[in-house]
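Here this note's numbering is used: the first residue of the sequence shown is -9, the next is one more, and so on. In this text, a Cβ means the ideal position worked out from N, Cα and C, and glycines have one as well. Read through the structure below, which is laid out as structure tokens, and then see the notes.
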Amino acid sequence: MLYMGNIRPTYIKKIAKELIEKRGYAFGTDFEANKVQVAEHTDITSKTIRNRVAGYIVRRNVIAKRSKIL
């Protein structure tokens, strides 16, 4: 069964994509660790935006890892 998934604003996707391109080695599939890395590597002051970016990075990494296994 296919699910729609979450719809995220393009600015969240853009920030996450730039972070992965510049510092992809720093991010993994752990949300808590990614929150710290996003706060460290950006100047985002909003906790909500930081958490959304970290969550999107986790989601992308999980999907990438799953596709490598298949």
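Next item on the list: Could you tell me which of I53, A54, A44 sits nearest to D20, measuring between CA atoms?
Entry: Against the sequence shown, residue 20 aligns to sequence position 30. Residue A44 is the option with its Cα nearest to D20.
Notebook entry, point to check: Assuming I61 and A6 make a contact with CB atoms under 8 Å, what is their CB distance in whole Å?
Noted result: With the chain running from -9 to 60 in the structure shown, residue 61 is simply not present.
Check: Among the residues of its own chain, which have a CB less than 7 Å from the CB of K25, if the five just before and after it don't count?
Finding: Along the sequence shown, read from residue 1 onward, the residue named residue 25 stands at position 35. Taken in chain order, the residues that qualify are R40, N41, A44.
Checklist line | Limits of the alpha helix (DSSP H) - the one that R13 falls within | finding: As a working note, residue 13 is residue 23 in the sequence shown. Where R13 is concerned, the enclosing alpha helix (DSSP H) stretches over 0 to 13.
Check: Can you tell me the Cα-Cα spacing of G(-5) and R49, whole angstroms?
Finding: Within the sequence shown, numbered from 1, the residue matching residue -5 stands at position 5. Within the sequence shown, numbered from 1, the residue matching residue 49 stands at position 59. Between G(-5) and R49, the C-alpha separation is close to 10 Å.
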